[in-house]
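Written below as structure tokens is the structure these notes are about.
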Amino acid sequence: MSILAILEQRGTLKPCALETASAARRVARDAGLALDAVYIGADPGDQLSQLAGLGIRRLFCHADPALEHYTNDRHVSIVADLVRELNAAVVLGSATALGKELCASVAARLDVDLTQDCVEVWWDGGLMTRKPIYAGKVLADVRMTHVPAMATLRPNVTPVERDGDAMPEIVMRGAPAVSCRTELKEAVMTAAGAIELTEAKRVVSGGRGIGGPETWPVLQALCDAIGAALGASRAAVDAKWIEPSHQVGQTGKVVSPDLYVACGISGAIQHQAGMRTSRIVVAINKDANAPVFKICDYGIVGDLFEVVPLLTRVVTEGPKG
Amino acid sequence: MRIVVLVKRVPDTASVFKIGADGKSVDLSGLKYVMSPYDEYAVEEAVKIKETGGADVVLLGVGPPETKDIIRAGLAMGADSGVLILSPAETALTPRGTAHALAAALRDLAADLVLAGKQAVDDDASQVPERVAELLGWPHVSTITQLALSGNIATVHREIEGGYYVYETPLPAVFSTQKGINVPRYPTLPNIMKAKKKEIREISLDSLGLSGAMLEPGMSIVSAALPRQARLGRILEGELDQQVRQLVAILREQEKVL
Amino acid sequence: MLTLPEKVVFAVIVAVSLGYFTYRAFVLVRLIRRAGKPDPEDRLHDLGARMTGAAIDVLLQRRTFRKPWIGSLHLLIVWGFFVFAVNTINHFAGAFLPGFNLFGQTFLANIYAATADLFAVLIIAGIAGLAFRRHVLRPDLLTRPSPESAIVFTFIAGAMAAYLCAKATEMALGKLPNAEWHFVASWLARGFAAVGPGPLVVAAHVAWWCDGLMHLALIGLLVIPTKHVHLVAGPFNLLFRRFRPRGQMTTLNLEDENAESFGVSRMAEYSWKQLLDLYACIECGRCQEFCPTHVSKKPLSPKKLVVDLKHHLLSNASPLLRGDETGALVGGPIAADAVWACTTCAACMEHCPMAIEHIDKITDMRRHLVLMESDFPETAATAFRNMETAGNPWGFARNDRAAWADGLEVPVMAEKGGADVLYWVGCSGSYDDRCKNISKAMVRILKAAGVDFAMLGEEERCTCESARRLGNEYLFQMAAREIAETLNTYAFKRILVTCPHCYNTFKNEFPAFGAAYEVVHHAAFIQEMIESGRLNLETNGGPLVAFHDSCYLGRHNGLYDAPRRVLASAGQKMAPVARDREKGFCCGAGGGRMWLEEHLGEPINVLRFNELTAGGADCIAAACPFCITMLSDAAKREGQDTEVLDLAEIVARQLSL
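The listed protein sequences derive, respectively, from chains A, B and C.
In terms of the working numbering, the first sequence is residues 38 to 358.
In terms of the working numbering, the second sequence is residues 4 to 261.
In terms of the working numbering, the third sequence is residues 13 to 669.
Take a look at the structure:
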């Protein structure tokens, strides 16, 4: 019996895979079980060196060109079979778009319950998970009682912990002999800087404080640094400083990112209506009395042309998320 | 062609939520209910297919009798009929149990295509459509932002971080919809009126022949808390440089949004 | 004096003309009756008042006198028309019965002779004045070029000149009875003194024929029709004018199973009265003069709307009379942009001399687009959904509606059960941070005046007034019934509102849905409190204040004085405002436009803001949360720190401690 961590890759091992491994390691330690992991992809090259010191006992490496991109039939088959083989007590994956699909399918195949998108998992006589529900307004602690207990972990919330540099035992395996009903035709990556506003996880918006049509690069640099989409308040759009497609508000786009940075925006109700469901709101404005400071979580009173470049610099310096 | 769309009745998440006295349930009294927004995209997609190529669109849901209200809203968008698996509010069906019920009902519905929202906005379980597909033995793709049908082959765009994949899959299949696939229509008055007369068949959970094990929950909420209902409103202080560093540290380590 | 051939020819011409005119008149009337649906208002109700009003408007030109010079000139022409009616009869009858005079040989005939001469001159003067205005002064609101107007001017003036010449030549020939009473013709006759008898007779006949034919032409111009038809259509339109409140939209019976369609998509779906409006339009342009969308250079002009509809009606007369379907209006003669641009401010209806009802034509088109086709601006859909689910247009939490009152100890109806005054806070007052201050000020005032009041708190929900203006009748009716149900469970004497839109809806529209309550707007309420001594205000002056009249308070419901008295009682010094009261310029948010994008033309609120501050005011006062929001926005846009305050906030500041 062991804990199984699913390590996601897309070309390279994703950072969230290491986070999931770390979380699984802590669970394994508290449960008194070993930690195994599975990697599914094309030839991993020297990727696996990143697994040093994470406390993984065995890594089941399914490497085959056919496995380069995610397909349900193959990936689910590999994981489900492995779970049965290991008699896994807990299965942890990453709550990415593909990770969630994979784990939901595996859970169905094994006929066990599953908690998706947890912000924390721990062991307390069984797997405990903590996840946001009701649009993040309620945080629920859920006890999983099936075996295996399954959960997916939200990326960017778990620290990666290493202890020493021991590598796992690598068990090489190939692609499963299953027919694949769903064929991947094309993998399209969108260019950086062109993140679509309504689906973005992070948004940086500029308002009247922008002052003109040429100063957007200041905000765009921050967008690039943190992987955010660029938004604007109605004031900036009305002044014709930016196209209406960037407008966030009652009569623009309604966004609900994890992080919303409002720069030089006063925060009137029409703008609020477009971003009030954002998880965290940061406001930067040189007017300390601007209404936006009442609707933000964190605020900096200052000139955005000083604050934003500073922010960009600090973010780029530190470890990337 | 028959399209079945899975729909769920959820509270309006714009509401202010309170935790019940037991410390683990959410106080649902006085809340307004709607169709889960991601399901609306699924209904709209089904109606669009109906409008271009012809199809019979059936809405299928699990829940208390009030679920008929949101099924009616879907019928007003253009769906043809509804099926409601009655499950009283007290029945604690996990997503797994829900999927068993839906799959059982689907076996009698002869669907060619099943659409659903990628997640319900109350529990954000994000797994029911995938489970239903597995139980039926059908291929499935989640989080789709585009769907095109050509004969019996579906070509979909599925969203991933930083881009999208284009998949081809034969029908019957299950797809879960992501925001942006379409703009759900505002129903016209004639359609609202017509919807009042469309059939919503009610079936009991018992009649589906599910075993106790299938419906038995393997997870339970042991406690619930309100993380933050109001904005913090914390204005940072000190030298500008310090403030910015402090902000980044908070966003990275505490809030975990960077 | 006509020769026999002349008489025969004239008889034939008259017969044929009158026959044709009658036929055309019947066609025009039949067109309205065939194509027009029944009108929801009983247009014969209160007939006495209707006739009196119409008579005053026609005979005293009450509406045209809003522009005194124009009114005077037109008055001359109108009276001239009535006066000349007698002469026209005399003239035509006189072709066959020489010397025919309605007044016979009495003294009246002499008086009439002088009067007719005088009016001939006055009419020419009137025409000259109006022609000068149109073709030389060229005000923006009059269409140019206008061949129609030029032709009508020519024929009226021509007919008068012909009349004078006819009389003058007759006089010169010695054949005119009451000659000495025709003092103008006498003076003209001197010019003919030198002409020999031969050419004089010819001149007399020519003048006579010109006189007769021009009169016939004028009747013809009526029935073609040109806008000259307002001579007949206008008085009838005034007779059938709107008596029900201006701010009251008609209630559609959405349960009607036989109804194929709701709202208006084609000409034949308008009511007969709405079609009569089109005939009555004289294209004077007073509607567009104060129209905020027109002034801000958007594609809607109420005049263009009415004229385009009129042309569409007339050019489709044949199929409409047959009962055939005609083309869609929106996307046809009317642009979709024009339909959505209207703020329903009623400046058009206020200033129209012919009592045309512009707003309903637009909202009827909106109703069709929303209810039947779901074809409307996307941002409105968001507002509709939010109003339905969250009970407010922004989608804020329903159960958070009373949070603004935390710590203020505002009584809630559910706990209190009843009160004298039900304070209806409204969506802006509940959720908009800026407008919450208005609610807080109102509460301070209510407490200071010792009023027994309570609010509904979380039981309150949006009246969906703006949804109704946008055409979403279904949503509005649902909200109305829900509100009626809630209100009917409590005991209170009247409802206090701080929003003119809520005021208008409670007063004029909700009674049809079972919520018939007395409602008072806070301007009137505060005035009442002051005048009854329940409120004492400091009157130390503040900055110069420009008061902005809200459309739904002023033009729609006639409340112009109450807010001014309140401000005066609060010791405020008032700055002059160029367009105020009935001429008040809209802030741009009405008609549901608060929820729509303003892409075209100039921003209405900025125009108004600059106008309000032009008189030197440092502070703008208003009594409507929409106006406050729009004007505050405008101040920011213009980089001004002008204060924009609600009446309640100003009064609360002046409450004696």
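Just so it is clear, CB atoms sit at the ideal spot from N, CA and C, and this is done for glycine as well.
Computed from a predicted structure; not experimentally measured.
### Task
Starting from tryptophan 160 of chain A, follow its DSSP beta bridges and name the residues at the other end.
A:Leu164
### Query
Does any CB atom of chain C fall closer than 7 Å to the CB of valine 37 of chain B?
yes
### Query
Sorted by chain position, which residues of the same chain lie with C-beta nearer than 7 Å to threonine 391 of chain C's C-beta, five sequence neighbours on each side aside?
Setting aside the 5 residues that flank it on each side, threonine 391 of chain C is surrounded in the same chain by Trp607, Leu608, Glu609, each with a C-beta closer than 7 Å to its C-beta; the list follows chain order.
### Query
Under the rule that 16 or more other beta-carbon atoms within 10 Å means buried, what is phenylalanine 94 of chain C, buried or exposed?
exposed
#### Entry: In DSSP terms, what threonine 152 of chain A is bridged to
A:Ala188
### Message
Buried or exposed, going by whether 16 or more other CB atoms sit within 10 Å of the CB of aspartate 336 of chain C?
### Response
exposed
### Query
Should glycine 66 of chain B be flagged as near chain A, meaning a C-beta pair shorter than 7 Å?
no
### Message
For glycine 222 of chain C, report the span of its alpha helix (DSSP H) as first-last.
### Response
Here the sequence assigns cysteine to residue 222 of chain C, which means glycine is not the residue at that position. For cysteine 222 of chain C, the enclosing alpha helix (DSSP H) covers residues 209–235.
### Task
Give every residue of the same chain whose Cβ lies closer than 6 Å to the Cβ of threonine 353 of chain A, excluding the five residues on either side of it in the sequence, and list them in chain order.
Ala262
### Task
From the DSSP output, in three-state form, read off glutamine 246 of chain B for me.
Glutamine 246 of chain B: helix per DSSP, three-state reduction.
### Query
What in chain C is Cβ-close to valine 291 of chain A, meaning under 9 Å?
Thr394, Gly407
### Message
Any beta carbon from chain C within less than 7 Å of alanine 310 of chain A's own beta carbon?
### Response
yes
### Task
Output yes or no for whether 7 Å exceeds the beta carbon distance between valine 46 of chain B and leucine 63 of chain B.
no
### Message
By the DSSP assignment, the alpha helix (DSSP H) with glutamine 101 of chain A in it spans what residues?
### Response
The question names glutamine, but residue 101 of chain A in the sequence shown is aspartate. Judged by DSSP secondary structure, aspartate 101 of chain A falls outside any alpha helix (DSSP H); it is assigned neither H nor E.
### Query
Can you find a C-beta in chain A that's less than 7 Å from the C-beta of aspartate 445 of chain C?
yes
### Message
Can you confirm whether glutamate 609 of chain C, when its beta carbon is compared against all beta carbons of chain A, has any partner nearer than 7 Å?
### Response
By this cut-off, glutamate 609 of chain C is an interface position.
### Query
Does the distance from the CB of phenylalanine 204 of chain C to the CB of alanine 180 of chain C come in under 7 Å?
yes
### Message
Let me make sure I understand the geometry here. Which of B:Gly23, B:Leu96, B:Trp141, B:Ala58 has the alpha-carbon closest to that of lysine 173 of chain B?
### Response
Correcting the residue type first, residue 173 of chain B is proline in the shown sequence and not lysine. Of the candidates B:Gly23, B:Leu96, B:Trp141, B:Ala58, the one whose C-alpha sits nearest the C-alpha of proline 173 of chain B is B:Trp141.
### Residues, ordered as in the chain, of the stretch 138–156 of chain A that lie near chain B by beta-carbon distance below 8 Å
Glu138, Cys140, Ala141, Ser142, Ala144, Ala145, Arg146, Asp148, Val149, Asp150, Leu151, Thr152, Gln153, Asp154, Val156
### Task
Count the other CB atoms, across all protein chains shown, that sit within 10 Å of the CB of phenylalanine 488 of chain C; report buried if there are 16 or more and exposed otherwise.
buried
### Task
Spell out whether any CB of chain C is found under 7 Å from the CB atom of alanine 328 of chain A.
The question names alanine, but residue 328 of chain A in the sequence shown is proline. Output row for proline 328 of chain A: interface = yes.
### Message
Within 7 Å of any Cβ in chain B, is that where the Cβ of aspartate 412 of chain C sits?
### Response
yes
### Task
Between the Cα of valine 177 of chain B and those of A:Val215, A:Val208, A:Thr219, spot the shortest distance and give me the residue it belongs to.
Valine 177 of chain B has its Cα closest to that of A:Thr219, out of A:Val215, A:Val208, A:Thr219.
### Query
Taking 7 Å as the CB-CB cut-off, is isoleucine 263 of chain A touching chain C?
no
### Query
Hey, would you say glutamine 287 of chain A sits closer than 7 Å to glutamine 257 of chain A, going by beta carbons?
no
### Query
Which stretch, first to last residue, makes up the beta strand (DSSP E) that contains cysteine 631 of chain C?
631–634
### Query
First and last residue of the beta strand (DSSP E) that includes lysine 648 of chain C?
Looking at the DSSP string, lysine 648 of chain C is not in any beta strand (DSSP E); the run it does join, the alpha helix (DSSP H), is 637–649.
### Query
From arginine 99 of chain B to leucine 508 of chain C, what distance separates their C-alpha atoms?
53 Å
### Message
Within the continuous beta strand (DSSP E) that includes glycine 311 of chain A, where are the two ends?
### Response
Premise fails: glycine 311 of chain A lies in the alpha helix (DSSP H), 306–312, not in any beta strand (DSSP E).
### Query
Should leucine 235 of chain B be flagged as near chain A, meaning a C-beta pair shorter than 7 Å?
Yes - at least one Cβ of chain A is within 7 Å of the one on leucine 235 of chain B.
### Query
What's the C-alpha gap between histidine 143 of chain B and leucine 44 of chain A?
Looking at the two C-alpha atoms, the distance is approximately 22 Å.
### Query
At a Cβ threshold of 7 Å, is threonine 263 of chain C touching chain A?
no
### Task
For alanine 558 of chain C, name the three-state secondary structure that DSSP assigns.
strand
### Message
Using only the alpha-carbon positions, how far apart do glutamate 477 of chain C and serine 214 of chain B sit?
### Response
52 Å
### C-alpha gap between glycine 358 of chain A and asparagine 193 of chain A, whole angstroms
At glycine 358 of chain A the pLDDT is 41, less than 50, meaning the model places this residue with poor confidence; the figure from the coordinates comes in the next sentence. Within the model, the alpha-carbon separation for glycine 358 of chain A versus asparagine 193 of chain A is close to 6 Å.
### Query
Any C-beta of chain C sitting closer than 7 Å to the C-beta of serine 18 of chain B?
At a cut-off of 7 Å, the C-beta of serine 18 of chain B has a neighbouring C-beta in chain C.
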